[in-house]
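A.B. asks:
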Amino acid sequence: MFIKQISVFLENHNGALRELTELLGKGGIDLLALSVADTQNFGIIRIIVSSEQTDTAMLALRDNGYVAKINHVICAEVPDRPLGLCELLSLIEKAGLSVEYMYSFLRASKGSDEAHMILRLSDGKKAVELFQMKNVKMLSQKDVDAL
Amino acid sequence: MSQRVHRIYNPAMECISRDELTALQGKRLAATVKREYENVPMYRARMDAAGVKPEDIRSLEDLKYLPFMEKTDLRDYYPFDLLASPKSEIVRIQGSSGTTGKPIVSGYTRNDIDIWSEMMARTLTAAGATQDDIVQVTYGLGLFTGGFGAYQGADRIGAMVIPMSSGNTQRQILMMKDLGTTLLCCTPSYASYLGETIREMGIDPQKDLKLKAGCFGAEPWTEEMRQRIEELLCIDACDIYGLTEISGPGVAFECLEKHGMHINEDHVIAEIINPTTGEQLPYGMHGELVFTTITKTGMPMMRYRTHDICTLTADKCACGRTLARMGRIVGRTDDMLVIRGVNVFPSQIESVLVGADGVAPHYMLVVDRVNSSDTLEVQVELTEDMFGDTVSHIENVRKYITDQIKSVVGIASKVKLVAPKSIPRSEGKAKRVIDKRKL
């Protein structure tokens, strides 16, 4: 129930993000989700692309001198209404898990009333068990590819 | 212009005729070489390899036949394999940083401590100190030779010593004011910082303090810094030179003429050599400074290459001393840096950065001087090993490197992780250091 995420180290300077998106864009990579974590000195860009583009993206990044890694994250479905996200976070909190980071998809699945959150929690395995028990729907890599 | 009063601690030696000095040096050199050959296997092996026997060394002229010593020798024969006296006769260990993670140490006999104290007594006296003075030592008292050297010299003169050691500026100033410190021993950058702080506190050195002079060393400085310190503190600022391998501070010292540092030549022989060929160069030419100890018994040093570049002159000084003088250090023949008085080699930093694959990432040391204090920024190109998808992971890596550098090199630094290939590559020998200090 995990999906692949690419994280990239970026130095904090003007144009760094533009250069990265240009590189990926020219390689025909379609970004399904993206988040930026920044500090004063550096940033971490996390992206989700379809599974068939993951290797291409990694290759392009490494060839161009970026430090990049593939990690596994969870993609949970959240009701698209007020308090929807809050309820999910309450579940996580009560289970004693913590959120290391979280961001949302750029694109919703067609005709759906749900939003999709990408989560990295302190214990991924436990999180999957929790969501399964509480009927929180998670997207598989296949679901993501179909977005 | 007012005539300066030049005090001399040991006129018989400090004003000896050059001819007598040469004869004395030759005699002491021969005795020391014999001692080294007989007691230290390393010296015996090196001299045998060079085809030199102790009997070949009869005068100062013969010095050039002897092999050189390097700092790496102190590491390779660490800690006691260079001792020329039985370990039971060693009464003190002092040390400094080596070229890699391991420190270097030097063992002193009672005789060596006496010599070192005498050299520092001469140093402080040349700056005007007498037994009526109050000497504040803000060099660290510990393995680092600065603190103990200054303490011993002041003690030898019979001055009143305040062994403050380094740090705690407010307390330093309080003691300086309350006790009426007249002579200050510290690094020039700290002297400058003390001066600035004193001024900021609204203290008028001429009215509120009794300072008259300072002996500043352990790091390179400039004439501009001297002027600034002298103005800030209303004192005479004298330069001193020394290194643990030879004894410590006081190997050479400035008199109030402030025109080069007198070398204690009855205890050490100074040479200037061509760093590439090892040939001796005449006085007046720039080259690498080499020292040979001729009175030390614990860990004598034969033609120790300092890697400092300077000139020598034996012209008689207006102070009356005949001891030759060395000019300011204008550079290094290796990549050693002096940061806040601590010797730092890029190789030490490299040893910290070496990853699981045994390869260190590209790095660059950026040294600067901000508000009279040296700063060290270590830029490290991030590798995949170090990278993780959370900010806290990368911050932990950064903190780990910072802590390791602190523990290996002994100074605080600011570590900055940068993108791969963002540090410029140079052809040939990698450029590892950008020194922005104007020294």
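Quick note, the sequences are listed as chains F and V, same order.
Counted from 1, the first sequence has number 96 at position 96 by my numbering; the numbering is strictly sequential.
One gets my numbering by counting positions in the second sequence from 1 and adding 1000 to each.
Glycine residues also receive a C-beta, built at the ideal position from the N, C-alpha and C atoms.
Keep in mind it's a predicted model, so treat the numbers as computed, not measured.
Which same chain residues, not among the five before or five after L1060 (chain V), have their C-beta less than 6 Å away from its C-beta?
C.D. replies: Excluding sequence neighbours, L1060 (chain V) sits near T1022, Q1025, G1026.
A.B. asks: Please list the partners that S7 (chain F) has in chain V, where partner means a Cβ-to-Cβ separation under 7 Å.
C.D. replies: Under the 7 Å cutoff, chain V gives D1389.
A.B. asks: Mind checking whether I44 (chain F) and L20 (chain F) have CB atoms under 9 Å apart?
C.D. replies: Against a cut-off of 9 Å, the Cβ pair of L20 (chain F) and I44 (chain F) comes out as no contact.
A.B. asks: Our contact map puts M1301 (chain V) next to M1069 (chain V) with C-beta atoms below 8 Å; I'd like the distance itself, whole angstroms only.
C.D. replies: Confirmed, about 6 Å.
A.B. asks: On the three-state DSSP scale, how would you describe C1186 (chain V)?
C.D. replies: In the structure shown, C1186 (chain V) sits in a strand (DSSP, three-state: E or B).
A.B. asks: Who are the Cβ neighbours of S50 (chain F) in its own chain at under 6 Å, not counting the five residues just before and after it?
C.D. replies: Closer than 6 Å at Cβ, skipping near neighbours: D145.
A.B. asks: In chain V, which residues lie with their C-beta within 8 Å of the C-beta of K69 (chain F)?
C.D. replies: The answer, in chain order, is E1384, F1387, G1388, D1389.
A.B. asks: Given this structure, state the Cα-to-Cα distance separating S104 (chain F) from V136 (chain F), to the nearest angstrom.
C.D. replies: Those two C-alpha atoms are separated by around 16 Å.
A.B. asks: What does a CB cutoff of less than 8 Å around M1001 (chain V) pick up in its chain, not counting 5 residues either side in sequence?
C.D. replies: Unreliable placement is indicated for M1001 (chain V), whose pLDDT of 42 sits below 50; the coordinate value is still reported in the next sentence. Nothing listed; no residue qualifies.
A.B. asks: Y1108 (chain V): buried (16+ other C-beta within 10 angstroms of its C-beta) or exposed?
C.D. replies: Counting Cβ neighbours within 10 Å, Y1108 (chain V) comes out buried, since at least 16 surround it.
A.B. asks: Any beta-carbon of chain F closer than 9 Å to the one on P1424 (chain V)?
C.D. replies: P1424 (chain V) does not count as touching chain F.
A.B. asks: Do you know offhand how far N1168 (chain V)'s Cα is from F9 (chain F)'s?
C.D. replies: Their Cα atoms are separated by approximately 40 Å.
A.B. asks: Is H1262 (chain V) a contact residue of the ligand ADP, with contact defined as CB to any heavy atom under 8 Å?
C.D. replies: What this structure holds is no ligand at all, so the ligand ADP is not there to describe.
A.B. asks: Between E1395 (chain V) and chain F, is there a C-beta pair that is closer than 9 Å?
C.D. replies: Chain F contact via Cβ: present.
A.B. asks: Taking the beta strand (DSSP E) that E1381 (chain V) falls in, what are its first and last residues?
C.D. replies: Note, E1381 (chain V): beta strand (DSSP E), 1373 to 1381.
A.B. asks: By the DSSP assignment, the beta strand (DSSP E) with C1234 (chain V) in it spans what residues?
C.D. replies: Note, C1234 (chain V): premise wrong, no beta strand (DSSP E); not H, not E.
A.B. asks: Does the Cβ of R1171 (chain V) have 16 or more other Cβ atoms within 10 Å, making it buried, or fewer, making it exposed?
C.D. replies: With fewer than 16 other Cβ atoms within 10 Å, it is exposed.
A.B. asks: Assuming C86 (chain F) is part of the alpha helix (DSSP H), what are its boundary residues?
C.D. replies: Segment 84 to 94, the alpha helix (DSSP H) holding C86 (chain F).
A.B. asks: Beta strand (DSSP E) containing F1291 (chain V): first to last residue?
C.D. replies: Counting along the chain, the beta strand (DSSP E) containing F1291 (chain V) begins and ends at 1287 to 1293.
A.B. asks: Quick check on the burial criterion: 16 or more other C-beta atoms within 10 angstroms. Buried or exposed for D63 (chain F)?
C.D. replies: Exposed: under 16 other Cβ atoms inside 10 Å.
A.B. asks: What residues match up with I1016 (chain V) in a beta bridge as DSSP calls it?
C.D. replies: DSSP output for I1016 (chain V) lists no bridge partner at all.
A.B. asks: Is M138 (chain F) near E87 (chain F), with beta carbons less than 9 Å apart?
C.D. replies: No; because the gap between Cβ atoms is not below 9 Å, this pair is not in contact.
A.B. asks: DSSP beta-bridge partners for H116 (chain F)?
C.D. replies: DSSP, once it has assigned bridges, lists F:E77 as partnering H116 (chain F).
A.B. asks: Would you list the one or two residues that DSSP bridges to R1305 (chain V)?
C.D. replies: Partner(s): V:V1290.
A.B. asks: Can you check whether the C-beta of Y103 (chain F) is within less than 9 Å of a C-beta belonging to chain V?
C.D. replies: No, Y103 (chain F) does not count as interfacial toward chain V.
A.B. asks: L1376 (chain V) versus chain F: which residues are under 7 Å apart at the beta carbon?
C.D. replies: Going along chain F, no residue has its Cβ under 7 Å from L1376 (chain V), so there is no contact; the nearest lies around 16 Å.
A.B. asks: In three-state terms, what does DSSP make of T1123 (chain V)?
C.D. replies: Helix at T1123 (chain V).
A.B. asks: Measuring CB atoms only, is the segment 121 to 129 of chain F touching the segment 1281 to 1290 of chain V, in the sense that at least three cross pairs come out at less than 8 Å?
C.D. replies: Not touching, per the Cβ criterion.
A.B. asks: Where does the unbroken beta strand (DSSP E) through K1416 (chain V) begin, and where does it stop?
C.D. replies: It spans 1414 to 1418 - the beta strand (DSSP E) in which K1416 (chain V) sits, taken as one unbroken run.
A.B. asks: Since S1085 (chain V) contacts T1244 (chain V) with CB under 8 Å, what's their CB separation in whole angstroms?
C.D. replies: No, S1085 (chain V) and T1244 (chain V) are not in contact; Cβ-Cβ is about 17 Å, not under 8 Å.
A.B. asks: Tell me, please, which residues DSSP counts as bridged to A1314 (chain V).
C.D. replies: Paired residues: none, contrary to the question.
A.B. asks: Could you check whether the Cβ of A33 (chain F) sits closer than 9 Å to any Cβ belonging to chain V?
C.D. replies: Not closer than 9 Å to any Cβ of chain V, the Cβ of A33 (chain F) fails to qualify, so no.
A.B. asks: Select from V:L1323, V:L1337, V:V1366, V:V1354 the residue whose C-alpha is nearest the C-alpha of A1012 (chain V).
C.D. replies: Comparing Cα-Cα distances from A1012 (chain V) to each of V:L1323, V:L1337, V:V1366, V:V1354, the minimum goes to V:L1323.
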